[in-house]
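Working notes, structure below.
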């Protein structure tokens with residue numbers, strides 16, 4: 001059976017054409033010149049029924065290989081309580097999306113307000129927006145904010161250890177807006193901030209760094225904010241927000257902007273998205289903060305209510321003078337993060353972060369004993385670490401053998417960066433979700449391969 | 452009908468300038484504050500920075516809109532009116548008493564090109 005999902009009957013079309021004084025579809029398109037009209041029928045295969053399509057997709061899905069994931073690189077397999085899916089699937093939340101008739105949707109506004117409050121608490125910042133599309137998007141918004149906050153500045157310093165995809169999105173942003181990115185080189189797996197004074201000049205609007213960085217390593221930003229502020233430049237720190245349960249927050253480093261992606265807080269892997277970006281700033285930058293912002297207020301009768309606030313920042317009011325074109329948010333994904341954090345509580349978040357740390361370090365310690373692979377840089381890490389192999393053949397063999405045993409051993413960094421120097425680097429991610437048995441399986445397989 | 456004061460000079464962007472010694476006080480006109488409506492925030496310009504004539508120097512937000520303040524004469528920002536920080540409504544109450552900022556080392560030429568009260572009044576009538 002074929003159901004054509006087209007609501008108009010031939011009769012409907014005839015009535016519509018008559019209403020505008022035409023007799024055929026050909027007449028409707030007569031204004032288009034011959035050379036842009038299709039002369040033949042569209043070369044696509046015969047349509048299939050819904051049931052046939054379903055079977056075809058099922059058979060493709062059958063080819064998926066299931067395994068124990070030790071994959072990360074910005075997308076992590078954490079435990080998500082069932083409350084997240086159950087509550088976020090409520091029709092009233094699913095359909096509400098970004099608040100266009102804002103004050104009609106008090107429930108959604110309250111959820112966003114909670115999200116903003118949690119982001120502020122985790123990052124130790126003053127004010128957070130209603131969310132952005134993803135972490136990379138948040139980075140470009142941080143760059144835009146910096147440039148708009150300092151006169152005559154068009155250069156943004158970027159750590160070369162930020163996620164390769166975030167860097168690519170920033171490069172797209174710079175190209176499109178005519179700004180310049182200046183990369184800060186790395187040393188021993190972390191950004192080399194001793195280069196900062198020589199790179200920083202009056203044209204620089206600020207610096208974007210990331211911890212854990214692209215290798216999973218944690219970075220220190222001691223004294224960095226002070227150096228930047230002397231030049232009226234800003235510091236933006238990007239984090240995996242779950243890691244902030246155990247590492248120093250952007251607020252504690254003196255950052256002006258905190259950014260990141262909330263995938264690690266309640267969002268499924270879902271083939272890499274959709275995700276949810278967050279952005280929080282110091283109060284002095286409140287009016288430069290892009291996107292939706294929900295505030296708590298009182299109505300005429302003194303009852304607590306939620307409202308969109310500081311809208312004069314936004315593009316529908318600022319028009320051509322707006323410094324951001326964000327006019328939406330990822331409300332549903334932000335809601336999932338909010339429910340996730342409400343379910344875990346601060347203690348639960350700390351436990352998830354600590355367990356990820358402990359398990360990752362257990363695995364790293366034992367792998368480092370094996371020949372042919374090393375933890376090349378002696379730097380602190382959290383739930384992901386870079387294993388560097390002695391040669392690419394061994395690395396491929398390692399990944400293949402573990403995969404044969406149902407284990408996804410990690411991600412080769414070069415698949416993200418396409419750089420030769422990253423070809424020997426395997427990033428291994430371990431979350432609180434990995435059991436002791438799974439870690440032992442990994443180790444046993446690794447010992448067999450690397451002996 | 453909006454108020455125009457004698458002895459001030461005006462720009463067509465609806466800013467006024469008053470000279471006191473070597474300082475130039477800059478504010479927005481009665482016409483501008485009426486157009487904006489209830490003012491909720493005034494962004495103050497950074498001190499010590501030189502702004503050219505015609506350059507966007509700050510933003511005034513009302514409940515209706517966010518409008519750019521176009522610097523009417525070149526000069527260096529010596530002082531921003533901190534009173535407006537918590538009380539932006541002072542502009543609505545008396546826009547000619549409450550300036551936005553004070554310039555020093557300002558351009559006499561730019562000042563000379565501004566409209567006098569009569570010319571500004573005539574300009575308003577054409578709008």
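Protein chains in written order, with the working numbering: chain V, 1 to 451; chain H, 452 to 578. Don't be surprised by glycine CBs; every beta carbon is placed ideally from N, CA and C.
query                                                                                                                                 : result
Per-residue contacts from residue 519 of chain H into chain V (C-beta, under 8 Å)                                                     : 321
Residues bridged to residue 68 of chain V [DSSP beta-bridge criterion]                                                                : V:407
Neighbour flag for residue 318 of chain V against chain H, beta carbons, 8 Å                                                          : yes
Segments of 3+ residues assigned as beta strand (DSSP E) that fall wholly inside the segment 480–543 of chain H                       : 490–493, 507–513, 517–521, 526–531
Bridge partner(s) assigned by DSSP for residue 467 of chain H                                                                         : H:461, H:478
Proximal residues to residue 498 of chain H (C-beta, below 6 Å), its chain only, five neighbours per side dropped                     : 528
6 Å Cβ shell around residue 293 of chain V - same chain, five flanking residues per side excluded                                     : 129, 309, 310
Chain V contact residues for residue 525 of chain H, given Cβ-Cβ distances below 9 Å                                                  : Here the premise fails: no neighbours, minimum Cβ distance about 15 Å.
Own chain, CB closer than 8 Å to residue 536 of chain H, minus 5 neighbours either side, in chain order                               : 493, 495
Listed by chain order, chain H residues near residue 55 of chain V by CB distance under 7 Å                                           : Those do not exist, as residue 55 of chain V stays about 56 Å from chain H at its closest Cβ, beyond 7 Å.
In DSSP terms, what residue 373 of chain V is bridged to                                                                              : V:389
Contacting residues, own chain, Cβ-Cβ under 7 Å from residue 265 of chain V (five flanking each side not counted)                     : 241, 242, 337, 340, 341
Sequence-distant residues of its chain with Cβ nearer than 7 Å to residue 153 of chain V (five each side left out)                    : 147, 203, 204, 205
Residues of its chain near residue 1 of chain V, where Cβ-Cβ distance is below 7 Å and the 5 sequence neighbours each way are ignored : Its pLDDT being 46, under 50, residue 1 of chain V is placed unreliably in this model, and the value from its coordinates should be taken loosely. Within the same chain, residue 1 of chain V has close Cβ partners 49.
Which of helix, strand or coil DSSP assigns to residue 26 of chain V                                                                  : helix
Minimum Cβ-Cβ distance from residue 516 of chain H to chain V less than 8 Å                                                           : yes
Euclidean distance between Cα positions of residue 441 of chain V and residue 406 of chain V                                          : 9 Å
Residue from V:449, V:359, V:335, V:168 whose Cα sits closest to the Cα of residue 93 of chain V                                      : V:335
Close beta carbons around residue 116 of chain V, own chain, < 6 Å, minus the five adjacent residues each side                        : 128
Any 3 or more C-beta pairs closer than 8 Å across the segment 182–197 of chain V and the segment 371–391 of chain V                   : yes
Contacting residues, own chain, Cβ-Cβ under 8 Å from residue 513 of chain H (five flanking each side not counted)                     : 487, 488, 489, 490, 491
Reduced DSSP secondary structure (H/G/I, E/B, other) of residue 1 of chain V                                                          : Note that residue 1 of chain V has pLDDT 46, beneath the 50 cutoff, so the model's placement of it is unreliable and the number below is only indicative. Residue state, collapsed to three classes: coil.
Residue range of the alpha helix (DSSP H) that includes residue 228 of chain V                                                        : 224–230
Chain V contact residues for residue 512 of chain H, given Cβ-Cβ distances below 9 Å                                                  : 287, 310, 312, 313, 317
Distance CB(residue 426 of chain V)-CB(residue 410 of chain V) smaller than 8 Å                                                       : yes
DSSP three-state assignment for residue 412 of chain V, whether helix, strand or coil                                                 : strand
Residue 354 of chain V - DSSP class collapsed to helix/strand/coil                                                                    : helix
Buried or exposed (CB count within 10 angstroms, at least 16 for buried), residue 171 of chain V                                      : exposed
Cβ-Cβ distance between residue 450 of chain V and residue 385 of chain V below 8 Å                                                    : no
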